[in-house]
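In my numbering, the protein residues as written are 394 to 580.
From the three backbone atoms N, C-alpha and C, an ideal C-beta is built for every residue, glycine too.
For reference, the structure discussed in these notes is given below.
Have a look at this one:
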């Protein structure tokens, strides 16, 4: 079971989530803000929260994602692609990524040698790549990781590898998204 502090933190993020939803309701009623929306995504076994953001421009999406209130001592990850964005918040390390499904992506650009041997095509490769980006963000700095050398969490049995968990997200058609997080084995 979880400690008292962990239960308190879960209650705190739930309160923040309700507060954020309320902020979005107010913004949606403003005539100059009707072109943006946000909704929480349900992620199996994830103790944190993930939100999908949509607006009329990539700049506005980034601004909205960066302005979301997150509880103190929680870690965040953000990802943006065109008018869509993802924000994840968790007590432990977390990474999130959203990508456009690009049918022109090549295996040699994003896959390890072992992954390239699996019968798949650009749709799967984009999903594997997105999962790799989420993991790289959770590990610290995504720019330090070459997708051709990082095994994709999308291929982990049951979405688990040691302390790490991975789940594909329900994102708009034409996109793929993943959230990855480090678990606390004590809870």
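Hey, could you find the ends of the beta strand (DSSP E) residue i is sitting in?
{"i": "residue 482", "result": "477–483"}
{"i": "residue 433", "result": "430–434"}
{"i": "residue 527", "result": "Looking at the DSSP string, residue 527 is not in any beta strand (DSSP E); the run it does join, the alpha helix (DSSP H), is 515–532."}
{"i": "residue 496", "result": "From DSSP, residue 496 is part of no beta strand (DSSP E); its letter is neither H nor E."}
{"i": "residue 466", "result": "Per DSSP, residue 466 belongs to no beta strand (DSSP E) and is neither H nor E."}
{"i": "residue 570", "result": "568–575"}
{"i": "residue 541", "result": "Where residue 541 is concerned, there is no enclosing beta strand (DSSP E), given that its DSSP letter is neither H nor E."}
Counting C-beta neighbours from all protein chains within 10 Å, is the total for residue i 16 or more, i.e. buried, or is it exposed?
{"i": "residue 431", "result": "buried"}
{"i": "residue 442", "result": "buried"}
{"i": "residue 551", "result": "exposed"}
{"i": "residue 438", "result": "exposed"}
{"i": "residue 434", "result": "buried"}
{"i": "residue 537", "result": "exposed"}
With a threshold of 8 angstroms on Cβ separation, who are the neighbours of residue i within its own chain once the five nearest residues in sequence on each side are excluded?
{"i": "residue 541", "result": "501, 502, 503, 504, 505"}
{"i": "residue 498", "result": "515, 518, 519, 522"}
{"i": "residue 543", "result": "505, 525, 528, 529"}
{"i": "residue 509", "result": "500, 501"}
{"i": "residue 531", "result": "470, 486, 487, 488, 557, 573, 574, 575"}
Might you give, ordered along the chain, the residues of its own chain that have their beta carbon closer than 7 angstroms to the beta carbon of residue i, omitting 5 neighbours on each side?
{"i": "residue 494", "result": "516, 519, 567, 568, 569"}
{"i": "residue 448", "result": "428, 429, 454, 457, 476"}
{"i": "residue 496", "result": "515"}
{"i": "residue 563", "result": "434"}
{"i": "residue 474", "result": "491, 492, 493, 568"}
{"i": "residue 535", "result": "526, 529"}
{"i": "residue 645", "result": "There is no way to answer for residue 645, as the model of the chain reaches only from 394 to 580."}
State the start and end residues of the unbroken alpha helix (DSSP H) segment that holds residue i.
{"i": "residue 506", "result": "506–509"}
{"i": "residue 452", "result": "451–459"}
{"i": "residue 503", "result": "500–503"}
If I measure Cβ to Cβ from residue i and keep anything under 6 angstroms in the same chain, skipping five residues before and after, which residues do I get?
{"i": "residue 480", "result": "444, 458, 461, 471"}
{"i": "residue 446", "result": "431, 454, 457, 458, 478"}
Please state if the CB of residue j and the CB of residue i are separated by a distance shorter than 8 angstroms.
{"i": "residue 575", "j": "residue 436", "result": "no"}
{"i": "residue 476", "j": "residue 440", "result": "no"}
{"i": "residue 482", "j": "residue 511", "result": "no"}
{"i": "residue 522", "j": "residue 492", "result": "yes"}
{"i": "residue 554", "j": "residue 565", "result": "no"}
{"i": "residue 573", "j": "residue 558", "result": "yes"}
Quick check on residue i - is its C-beta less than 8 angstroms from some C-beta in chain C?
{"i": "residue 534", "result": "The chain labelled as chain C is not found in the depicted structure, where only one protein chain is given."}
Original post:
Is it true that the region 524–538 meets the region 487–498, where meeting means three or more beta-carbon pairs spaced less than 8 angstroms apart?
Top reply: Here the region 524–538 makes contact with the region 487–498; the two share three or more CB pairs at distances below 8 angstroms.
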